[in-house]
Amino acid sequence: MNSEKAVLALQITYFKNYIHELEEDIKNVQYDYSKKILEGSLKDYRKGLAEVQARWEALDARDKVSWEAY
């Protein structure tokens, strides 16, 4: 695994863990306004995760093309 993918792997793990925590917090929150704030954060983190996963897939595709060139 190259260093770019290692960084992306850490970012993916971070996003997944934080998303899980936000989902748990949303289940336990008592006030609607707090829930809306957490849901907004959850949406943002899911978007961030999708962007990082897309970069991971792009690197995968690039690596496969590079490998096939050998």
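Convert by adding 21 to the 1-based position in the sequence shown; the result is the number in the numbering used here.
The beta carbon of each residue, even a glycine, is placed where N, CA and C say it ideally should be.
Here DSSP, grouped into helix, strand and coil, assigns residue 23 to coil. Note on geometry: alpha-carbon atoms of residue 60 and residue 40 lie some 10 angstroms from one another.
CA-CA distance, residue 29 to residue 70, rounds to 10 angstroms.
Here residue 37 is not near residue 47, since their CB atoms are 8 angstroms or more apart. Between residue 44 and residue 63, the gap from beta carbon to beta carbon is short of 8 angstroms.
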